[in-house]
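Here the structure comes first, spelled out in structure tokens, and everything after it is commentary.
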């Protein structure tokens with residue numbers, strides 16, 4: 003059976019477990035059948051076991067509820083589901099190419115540079131899995147020469163169609179982020195490391211938009227007042243997983259967030275500046291006012 007068929011089944015199983023309350027095997031088989039995917043009870047159980055053993059997803063069967071559920075769903079499920087969807091889309095593009103189709107007539111990419119560095123994803127993912135220290139050759143966009151870093155990779159992170167690796171510098175234990183599109187080379191040094199700070203890094207970046215954060219950063223309670231149009235856009239495409247609607251009127255929608263204040267957050271807020279304003283914390287509100295004054299003065303000059 004093809005890889006594409008397996009991906010489709012995995013997606014169906016996970017999406018159904020996510021949306022339903024303790025679905026039974028029979029319900030999942032029926033649902034998959036409605037989507038044109040024929041699967042036996044034996045095949046379904048094999049797929050669920052593969053999702054457990056190969057991908058580490060905590061799928062359990064409740065004897066009391068007589069159905070399946072995901073344990074610790076918020077830790078792994080959204081990321082794995084996104085990877086499956088990405089994999090399915092890439093398989094679809096590959097099939098178009100095999101058929102001799104002209105991709106440019108079907109899909110237009112915003113920026114071909116978005117794919118720079120993706121060739122390192124597979125190797126770095128294995129380095130992370132194996133706890134392998136790597137020697138990175140890296141050239142910043144504003145630098146003339148490349149530099150070498152001994153680096154302990156912890157996490158791959160995607161932001162605005164670009165990929166980054168987050169980890170610790172071996173000599174200082176400082177958290178650093180490197181853009182894959184600026185990597186010139188990556189080699190295993192042969193040294194292993196224990197991922198002692200994995201929980202710290204996951205916890206830190208859980209409250210971050212983008213890729214800029216430091217260990218001393220603390221997430222703040224942020225309140226954002228939006229005009230209705232912008233508010234409805236944020237409802238359909240949340241700015242962050244912590245987003246909550248705390249108040250709504252015919253004219254405005256008020257959102258709350260738990261976020262580290264960094265460059266990327268301020269950039270996102272500036273993009274919405276004519277339709278949204280920060281009211282809490284006061285320090286961020288004042289900083290946004292300052293940035294907007296600077297922008298106004300820049301346009302006047």
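Numbering (the working numbering), first residue to last: 3 to 303. We put the CB at the ideal spot given by N, CA and C, even for glycine.
Where does residue 287 fall in DSSP's three states?
DSSP, read as helix, strand or coil, puts residue 287 in helix.
Measuring straight from C-alpha to C-alpha, what distance separates residue 187 and residue 138?
Those two C-alpha atoms are separated by around 6 Å.
Residue range of the beta strand (DSSP E) that includes residue 168
Counting along the chain, the beta strand (DSSP E) containing residue 168 begins and ends at 164-171.
How big is the Cα-Cα spacing for residue 253 and residue 296?
Between the alpha carbons of residue 253 and residue 296 lies a gap of roughly 28 Å.
Can you say whether residue 239 is buried or exposed, counting buried as having 16 or more other CB atoms within 10 angstroms of its CB?
Residue environment for residue 239: exposed (fewer than 16 other C-beta atoms within 10 angstroms of its C-beta).
With a cut-off of 8 Å on the beta carbons, I'd call residue 275 and residue 294 a contact; round off their distance for me.
Between the beta-carbon of residue 275 and that of residue 294 there is about 6 Å, and that keeps the pair under the 8 Å contact cut.
Element boundaries [alpha helix (DSSP H), containing residue 269]:
Its alpha helix (DSSP H) spans residues 265-273.
What's the C-alpha gap between residue 270 and residue 190?
Roughly 36 Å between the two C-alpha positions.
Are three or more beta carbon pairs between the region 64-74 and the region 14-23 nearer than 8 Å?
Enough Cβ pairs lie closer than 8 Å, so yes.
So which of 230, 208 and 235 has the shortest CA-CA distance to residue 250?
Nearest of 230, 208 and 235 to residue 250, Cα basis: 230.
Beta strand (DSSP E) runs wholly inside the region 5-29, at least 3 long, in chain order
The region 5-29 contains no whole beta strand (DSSP E) run of 3 or more residues.
Comparing alpha-carbon positions, which option in 68, 268 and 185 lies nearest residue 23?
Looking at the Cα atoms, 68 is the closest of the given residues.
Between which two residues does the beta strand (DSSP E) containing residue 212 stretch?
Residue 212 -> no beta strand (DSSP E), and no H or E assigned at all.
Reduced DSSP category for residue 303 - H, G, I as helix; E, B as strand; rest coil
Of the three classes helix, strand and coil, the one that applies to residue 303 here is coil, per DSSP.
Cut-off 8 Å between Cβ atoms - residues of its own chain near residue 42, not counting five sequence neighbours on either side:
Result list for residue 42: 31, in chain order.
For residue 248, count neighbouring Cβ atoms within 10 angstroms of its own Cβ and tell me buried if that reaches 16, exposed if not.
Note on residue 248: under 16 other CB atoms within 10 angstroms of its CB, so exposed under the neighbour-count rule.
Between the C-alpha atoms of residue 210 and residue 282, what's the straight-line distance to the nearest angstrom?
Their backbone Cα atoms lie some 17 Å apart in a straight line.
Simplified DSSP assignment, three categories, for residue 195
The three-state reading of DSSP puts residue 195 in coil, since its state is none of H, G, I, E or B.
Just how far apart, CA to CA, sit residue 3 and residue 48?
Because the pLDDT at residue 3 is just 47, under 50, the model does not fix this residue reliably, and the point stays unresolved.
By Cβ distance, which residues of its chain are closer than 7 Å to residue 165, with the 5 residues on each side in sequence left out?
Close CB contacts of residue 165 within its chain, under the 7 Å cut and outside five residues either way in sequence, are with 119, 120, 123, 158 and 182 (chain order).
Given this structure, state the Cα-to-Cα distance separating residue 62 from residue 25, to the nearest angstrom.
Going from the Cα of residue 62 to the Cα of residue 25 covers about 11 Å.
Please classify residue 134: is it buried, with 16 or more other beta-carbons within 10 angstroms of its beta-carbon, or exposed?
It counts as buried.
Residue 40 lies in the alpha helix (DSSP H); which residues open and close that run?
No alpha helix (DSSP H) contains residue 40, which DSSP labels as neither H nor E.
In its own chain, which residues sit with a C-beta less than 6 Å from the C-beta of residue 233, not counting the 5 before and 5 after it?
If we look at residue 233 and ignore the five residues flanking it on each side, its Cβ neighbours are 255.
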